[in-house]
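Asks: Line by line, the protein sequences are chains F and X.
Oh and the first sequence: position 82 is 82 in the UniProt record's numbering, straight run, nothing missing.
Oh and the second sequence: position 103 is 103 in the UniProt record's numbering, straight run, nothing missing.
The following block contains the structure, expressed as structure tokens.
Number of protein chains: 2
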Amino acid sequence: GKPSAPNAPWPQPQMLNASSDYVYIDPNFFIIYSNLKNCDIIDQALERYKPIFFPPKISLQSPSSFDDSRVLISVLIHIRSRTCAVYPELRDDQSYNITIEDSYGKIIAENVWGALNGLETFSQLLFITKDNYLATNASISIHDWPRFPYRGVLLDTARHFLPVPILKQHLDTMAYNKFNVFHWHITDDQSWPFVSKTFPQLSAKGAYSPDHVYTPADVQDIITHARLRGIRTIPEFDTPGHVAALGRAFPEFLTDCYNGTVPRQAIYGVHAAREILDPTNPEVYEFMKALLQEVKYTFKYEPYIHLGMDEVYPACWLSNPYIRKFLEENNMFNSTDLMTYYSSKILEINRSIGAKSMVWQDVWDDGVKLPPGTVIEIWKDTTLVPESQPWSYYLSKATSEGYDAVLASPFYLNMIEYGKYNTNDSVMNLEFFKWYNIDLFANFTGDQAARERLVGGEAALWAEFVDGTNTLSRLWPRASAVAERLWSSIDVTNPEDAQFRLDVHRCRMLRRGIPAAPILNGYCGAYEVGMKQSMVNEPVFSHLT
Amino acid sequence: GKPSAPNAPWPQPQMLNASSDYVYIDPNFFIIYSNLKNCDIIDQALERYKPIFFPPKISLQSPSSFDDSRVLISVLIHIRSRTCAVYPELRDDQSYNITIEDSYGKIIAENVWGALNGLETFSQLLFITKDNYLATNASISIHDWPRFPYRGVLLDTARHFLPVPILKQHLDTMAYNKFNVFHWHITDDQSWPFVSKTFPQLSAKGAYSPDHVYTPADVQDIITHARLRGIRTIPEFDTPGHVAALGRAFPEFLTDCYNGTVPRQAIYGVHAAREILDPTNPEVYEFMKALLQEVKYTFKYEPYIHLGMDEVYPACWLSNPYIRKFLEENNMFNSTDLMTYYSSKILEINRSIGAKSMVWQDVWDDGVKLPPGTVIEIWKDTTLVPESQPWSYYLSKATSEGYDAVLASPFYLNMIEYGKYNTNDSVMNLEFFKWYNIDLFANFTGDQAARERLVGGEAALWAEFVDGTNTLSRLWPRASAVAERLWSSIDVTNPEDAQFRLDVHRCRMLRRGIPAAPILNGYCGAYEVGMKQSMVNEPVFSHLT
Numbered sequence: 001g002k003p004s005a006p007n008a009p010w011p012q013p014q015m016l017n018a019s020s021d022y023v024y025i026d027p028n029f030f031i032i033y034s035n036l037k038n039c040d041i042i043d044q045a046l047e048r049y050k051p052i053f054f055p056p057k058i059s060l061q062s063p064s065s066f067d068d069s070r071v072l073i074s075v076l077i078h079i080r081s082r083t084c085a086v087y088p089e090l091r092d093d094q095s096y097n098i099t100i101e102d103s104y105g106k107i108i109a110e111n112v113w114g115a116l117n118g119l120e121t122f123s124q125l126l127f128i129t130k131d132n133y134l135a136t137n138a139s140i141s142i143h144d145w146p147r148f149p150y151r152g153v154l155l156d157t158a159r160h161f162l163p164v165p166i167l168k169q170h171l172d173t174m175a176y177n178k179f180n181v182f183h184w185h186i187t188d189d190q191s192w193p194f195v196s197k198t199f200p201q202l203s204a205k206g207a208y209s210p211d212h213v214y215t216p217a218d219v220q221d222i223i224t225h226a227r228l229r230g231i232r233t234i235p236e237f238d239t240p241g242h243v244a245a246l247g248r249a250f251p252e253f254l255t256d257c258y259n260g261t262v263p264r265q266a267i268y269g270v271h272a273a274r275e276i277l278d279p280t281n282p283e284v285y286e287f288m289k290a291l292l293q294e295v296k297y298t299f300k301y302e303p304y305i306h307l308g309m310d311e312v313y314p315a316c317w318l319s320n321p322y323i324r325k326f327l328e329e330n331n332m333f334n335s336t337d338l339m340t341y342y343s344s345k346i347l348e349i350n351r352s353i354g355a356k357s358m359v360w361q362d363v364w365d366d367g368v369k370l371p372p373g374t375v376i377e378i379w380k381d382t383t384l385v386p387e388s389q390p391w392s393y394y395l396s397k398a399t400s401e402g403y404d405a406v407l408a409s410p411f412y413l414n415m416i417e418y419g420k421y422n423t424n425d426s427v428m429n430l431e432f433f434k435w436y437n438i439d440l441f442a443n444f445t446g447d448q449a450a451r452e453r454l455v456g457g458e459a460a461l462w463a464e465f466v467d468g469t470n471t472l473s474r475l476w477p478r479a480s481a482v483a484e485r486l487w488s489s490i491d492v493t494n495p496e497d498a499q500f501r502l503d504v505h506r507c508r509m510l511r512r513g514i515p516a517a518p519i520l521n522g523y524c525g526a527y528e529v530g531m532k533q534s535m536v537n538e539p540v541f542s543h544l545t
Numbered sequence: 001g002k003p004s005a006p007n008a009p010w011p012q013p014q015m016l017n018a019s020s021d022y023v024y025i026d027p028n029f030f031i032i033y034s035n036l037k038n039c040d041i042i043d044q045a046l047e048r049y050k051p052i053f054f055p056p057k058i059s060l061q062s063p064s065s066f067d068d069s070r071v072l073i074s075v076l077i078h079i080r081s082r083t084c085a086v087y088p089e090l091r092d093d094q095s096y097n098i099t100i101e102d103s104y105g106k107i108i109a110e111n112v113w114g115a116l117n118g119l120e121t122f123s124q125l126l127f128i129t130k131d132n133y134l135a136t137n138a139s140i141s142i143h144d145w146p147r148f149p150y151r152g153v154l155l156d157t158a159r160h161f162l163p164v165p166i167l168k169q170h171l172d173t174m175a176y177n178k179f180n181v182f183h184w185h186i187t188d189d190q191s192w193p194f195v196s197k198t199f200p201q202l203s204a205k206g207a208y209s210p211d212h213v214y215t216p217a218d219v220q221d222i223i224t225h226a227r228l229r230g231i232r233t234i235p236e237f238d239t240p241g242h243v244a245a246l247g248r249a250f251p252e253f254l255t256d257c258y259n260g261t262v263p264r265q266a267i268y269g270v271h272a273a274r275e276i277l278d279p280t281n282p283e284v285y286e287f288m289k290a291l292l293q294e295v296k297y298t299f300k301y302e303p304y305i306h307l308g309m310d311e312v313y314p315a316c317w318l319s320n321p322y323i324r325k326f327l328e329e330n331n332m333f334n335s336t337d338l339m340t341y342y343s344s345k346i347l348e349i350n351r352s353i354g355a356k357s358m359v360w361q362d363v364w365d366d367g368v369k370l371p372p373g374t375v376i377e378i379w380k381d382t383t384l385v386p387e388s389q390p391w392s393y394y395l396s397k398a399t400s401e402g403y404d405a406v407l408a409s410p411f412y413l414n415m416i417e418y419g420k421y422n423t424n425d426s427v428m429n430l431e432f433f434k435w436y437n438i439d440l441f442a443n444f445t446g447d448q449a450a451r452e453r454l455v456g457g458e459a460a461l462w463a464e465f466v467d468g469t470n471t472l473s474r475l476w477p478r479a480s481a482v483a484e485r486l487w488s489s490i491d492v493t494n495p496e497d498a499q500f501r502l503d504v505h506r507c508r509m510l511r512r513g514i515p516a517a518p519i520l521n522g523y524c525g526a527y528e529v530g531m532k533q534s535m536v537n538e539p540v541f542s543h544l545t
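Written as structure tokens, this is what we have:
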């Protein structure tokens, strides 16, 4: 592999030309400004990038002794639409151009989201020389746009709670990697941290503790933190499975699973005692309508609610005599009929309240007809679920049937492996290679229209074994490999070069207070965690209040 | 598995009887004192345990309203030998007894090291009730001793540098788990952070940067921090392989590896260009003598120096025409003869300067006769090195030949795996089971004397992919599983119960400022990382100056 420049951007821009000459930046005489005034997205971004341009604890030198022509004086952010925006959408133009010539730079974008992408790339072009001068190359010309419009990360705040400051650092890091969708798997069997105004008993009884909750203010705080960084927040309220915690508040909504004639019995490996909604209970639908209305109101800018609908255990439903009776009385023949009954009602409720639906593939696997515009998230694969098909099969099928699809299967980053090295000139992190070499269109059989419905991918960190102690260091920079795969050209596939660029990017994240883990032997600088200049826990980056 | 009491100790004591009655502790009226005065080991331990007994950020209640008989007033640490000590030794008595009856407790030990073990267990017996009272059971009777005298953890500070505050937190955590040997793999191919007074060029040229070094003061700081916690520090200066960083200061000491007739050529998978000492250069031995003398002087209390002697690539030596000539002239026939030549000289140097030798098994595999008293560390196994034997074979053989042996093979904790769950009533962390179920005497064929020479085991965290960002959360509580295996009775083997005790112990570490990762679904308390009461980065626990 080829060692990287200290300011190589990540993910790799689509088109980049840079001369090897440098210009320097005077921390006291540098101006970055926009043609769009009084727009919170831009105004707050410019504030936010100050400590990123000029890292705390590093005393930058002034290049005053240099010739003026070698100093970058100003950067203009030019937003062609001249309009602010509130919340990013899937099909927004996310592209931008950067030019730096001599003393002047320009970031040009159609809208504020492209401008944010440009600003992030510009921040990465800056580097600190050994003598502590802030520098970049000049001239530079970049023309950049994402390969896929949907680039997500799933965090699971139910198996372990993630405090708001950690979620915010995570969102910051998503922006540093040009991810643009935060899929918030907020509830599950283990806990229900979401404080509902309509049903306060959900978190009162379903959260781990009164401290392990997201209040309405917390949720708005997260949504705002994300949208200011060009990130959508898609909440997932997974039903009818994965609801044991919901059942602590509403025990009557759960199905009693039987072992033979004995109710509320777990059969390990088949089903738990009580973990699935009872679709025969009409109150369940009233509850779900009220809950989803609150969710829609809470996540008001986001068109989609993720409804889960994965991993429903038919053996539980069918073990229950009341459910068997219901099937008989309603001319249903199996659990798939019952799942169709439940999910059709919920999908219709979601439609009726003005929300679009996103679902895990299971409900579609079951043959349920989904409303137009439903996004199907593909997570199955032969490696995860032996009896399933390869993910490429599902992607081709779903998009060919007219659904938008998002690929998660190969990006389950909770499935850690030791990344052994295999060459002598560098430690090659094979784990990183694994995701980096995924081509989402491998074995794709759909037509051009279907290709466009494959909207992107999502890295998932299921939280069986992570919480505030290790979420950031486990996810980053591993998720960065997925970020480049989803953003950059399909031609950017040389992991032996990429590992060095990713190593530079990892040091960059560390400089921004994110404890991103190492992927190669080596070191970053005197700002590593545990050293005096460490930026981790630096107030400006830590969001602790 | 059976859920654990909130004050279940880890590792499990050999004999423990506790009633289910509680006594309470008044934070303002509790005395713990020793019969041994003016002993730094004890005096500093008592200081150190104050914030452990009474955690910062938790306002404990005073049990003043209770009946006096339900308050624990004082604990006496009774050290039978009535003598202080400076540094722990392998065969020290490490046992202790604890009794708590009504208002009085006693920790009885033969020496200060047993007393430290008792103090640690006592600290674990305390728990905080939901109403914020500090409590423990009474009566309690514990009689405890370790199954193996050597319970080590290896950290590698060469592939990535670990700042002193991180090393100190690691040593604290070792003490919380009754580990008693810190194996400091201080140098390797990647860097040489050890500042030598004799050869300052070693770190000047071999360290990653002038900030990535351990000064003589740092080293003494670490040694003292460890010994005050009953932990030996065994430094490893690995030769003749793993010395590329040494070669940056002394290029003339390295063997040029050839590819055919071309010198300084790497053949990937066979050898690097230059990474092994040249044993034909007489200056190498003068250098090694001076270096080892300095090491012996620096680590002055510790009898052993670990000399490494692992993974020497014969193909490199034999590729070099000057080495082949040397073999011919000295009636040597192969690389093993040369390894014998080198290692015999080094082992003799080490003996001559008054140090005992510890080595990786490779040199012994090569048939080199080792001086009496040499400790052989077993790291090979069929799972790591396909052409090798199972580790039990090596343990039996080495101890039967009269050597002390330490087992590392199954405890390479850098080799992470995803610990999938497999039952419905709890997430079972299979990765943790893997180490927990290791019986060091499985398939052991030696006699009783040989059994006693199997002195213990060592968890190793090779540092390809860890540094200050993730060392503590990756190692803990995974290494705790090894700790219990090395300390507790062979009868303590039920991992389904142990996981709940370990979960309690993990929360305990978190309460002491160590970002130990979760191993089960669930939560600890309002002191998790990212929450306001988090103890991580609390000055008293973080050792940042």
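Even glycine gets a Cβ: it sits at the ideal position worked out from N, Cα and C.
These numbers come from a predicted model, not from an experiment.
For D92(X), collect the residues of the same chain with a Cβ closer than 6 angstroms to its Cβ; drop the 5 residues on either side in sequence, then sort them by chain order.
Replies: So the qualifying residues of the chain are W113.
Asks: Just to confirm my understanding: we take E294(X), look at its own chain, exclude 5 residues before and 5 after, and list those with CB closer than 7 angstroms. What are they?
Replies: Result list for E294(X): S196, K197 and T198, in chain order.
Asks: Find the residues of chain F that neighbour F161(X), judging by a C-beta separation of less than 8 angstroms, and give them in chain order.
Replies: The answer, in chain order, is Y523 and E528.
Asks: In chain order, what residues of the same chain lie with their CB nearer than 6 angstroms to the CB of P13(X), ignoring the 5 residues before and after it?
Replies: Excluding positions up to five away in sequence, the list reads I142 and D144.
Asks: Would you say G1(X) and E496(X) are within 7 angstroms of each other, going by their C-beta atoms?
Replies: Cβ distance < 7 angstroms, so G1(X) and E496(X) count as in contact.
Asks: Report the option in I438(X), Y33(X) and W462(X) whose CA atom is closest to the CA atom of V153(X).
Replies: Of the candidates I438(X), Y33(X) and W462(X), the one whose C-alpha sits nearest the C-alpha of V153(X) is W462(X).
Asks: Measuring alpha carbon to alpha carbon, tell me which of C507(F), F299(F) and D366(F) ends up nearest P216(F).
Replies: Taking only the C-alpha atoms, the option nearest P216(F) is F299(F).
Asks: Does any C-beta atom of chain F lie closer than 7 angstroms to the C-beta of Q448(X)?
Replies: No, no contact with chain F.
Asks: Around the C-beta of P149(X), are 16 or more other C-beta atoms found within 10 angstroms, so that it is buried, or is it exposed?
Replies: Flag for P149(X) reads buried.
Asks: Indicate whether F122(F) and R151(F) have their beta-carbon atoms separated by less than 7 angstroms.
Replies: Not in contact: F122(F) and R151(F) (Cβ atoms no closer than 7 angstroms).
Asks: Output yes or no for whether 7 angstroms exceeds the beta carbon distance between P193(X) and T157(X).
Replies: Closer than 7 angstroms, so yes.
Asks: Quick check on F499(X): buried or exposed, where buried means 16 or more other Cβ atoms within 10 Å of its Cβ?
Replies: Strictly speaking, residue 499(X) in this sequence is Gln, with Phe absent from that position. When all chains shown are included, Q499(X) counts as buried.
Asks: From what residue to what residue does the beta strand (DSSP E) around A109(F) run?
Replies: Segment Y104 to A109, the beta strand (DSSP E) holding A109(F).
Asks: Would you say F250(X) reaches chain F, if we count a Cβ-Cβ gap shorter than 7 angstroms as a contact?
Replies: It does not: the Cβ of F250(X) has no partner Cβ on chain F nearer than 7 angstroms.
Asks: Span of the beta strand (DSSP E) holding E377(X)?
Replies: Note, E377(X): beta strand (DSSP E), V375 to I378.
Asks: Take the Cβ of T136(F) as the centre, count every other Cβ of all protein chains shown within 10 Å, and call the residue buried at 16 or more, exposed below.
Replies: The residue is buried, with at least 16 neighbouring Cβ atoms inside 10 Å.
Asks: Is it buried or exposed for S191(F), if we count other Cβ within 10 angstroms and need 16 for buried?
Replies: With 16 or more Cβ atoms within 10 Å of its Cβ, S191(F) is classed as buried.
Asks: Closest to Q201(X) by CA distance: which of Q389(X), L246(X) and D43(X) is it?
Replies: Out of Q389(X), L246(X) and D43(X), L246(X) has the C-alpha closest to the C-alpha of Q201(X).
Asks: Quick check: the Cα distance between I305(X) and Y297(X), rounded to an integer number of angstroms?
Replies: Cα to Cα, I305(X) sits roughly 11 angstroms from Y297(X).
Asks: Spatial neighbours of D26(X) within its chain, please: C-beta separation below 7 angstroms, excluding the five flanking residues on both sides.
Replies: Taken in chain order, the residues that qualify are S62, P63, S64 and V71.
Asks: Write down every uninterrupted run of the alpha helix (DSSP H) in the region 203-267 of chain X whose length is 4 residues or greater and which is fully enclosed by it, in chain order.
Replies: Counting whole runs of 4 or more residues, the region 203-267 of chain X contains the alpha helix (DSSP H) stretches 216-227 and 244-249.
Asks: Residues of chain X with a CB under 7 angstroms from the CB of N132(F): which are they?
Replies: None at all; the shortest Cβ gap to chain X is about 14 angstroms.
Asks: According to DSSP, what are the bridge partners of D156(F)?
Replies: Beta-bridge pairing links D156(F) to H185(F).
Asks: Could you confirm whether any beta carbon from chain X is found closer than 7 angstroms to the beta carbon of N424(F)?
Replies: Caution applies to N424(F), whose pLDDT of 49 falls short of 50 and renders its modelled position unreliable; the value that the coordinates give is listed next. Cβ-Cβ to chain X under 7 angstroms: yes for N424(F).
Asks: For a contact meaning CB atoms closer than 7 angstroms, what does I519(F) contact in chain X?
Replies: In chain order: F465.
Asks: In terms of residues, what are the limits of the alpha helix (DSSP H) holding E496(F)?
Replies: Per DSSP, E496(F) belongs to the alpha helix (DSSP H) from P495 to R511.
Asks: Within this structure, are the beta carbons of V385(X) and M309(X) separated by less than 7 angstroms?
Replies: Cβ atoms of V385(X) and M309(X): not closer than 7 angstroms.
Asks: If we ignore side chains and look at the alpha-carbon of each, how far apart do R506(F) and V466(X) end up?
Replies: If you take the alpha carbons of R506(F) and V466(X), they lie about 13 angstroms apart.
Asks: Any contact between the region 325-334 of chain F and the region 243-259 of chain F? By contact I mean 3 or more CB pairs, one from each, below 8 angstroms.
Replies: No, the region 325-334 of chain F is not in contact with the region 243-259 of chain F.
Asks: Which runs of the alpha helix (DSSP H) spanning at least 4 residues fall entirely within the region 371-415 of chain X, listed in chain order?
Replies: The qualifying runs are 391-400.
Asks: Give the straight-line distance between the Cα atoms of N424(F) and P372(F), rounded to the nearest whole angstrom.
Replies: In this predicted model, N424(F) has a pLDDT of only 49, less than 50, meaning its place in the structure is not dependable; the value taken from the coordinates is given anyway. Whole-angstrom Cα-Cα distance: 53 angstroms.
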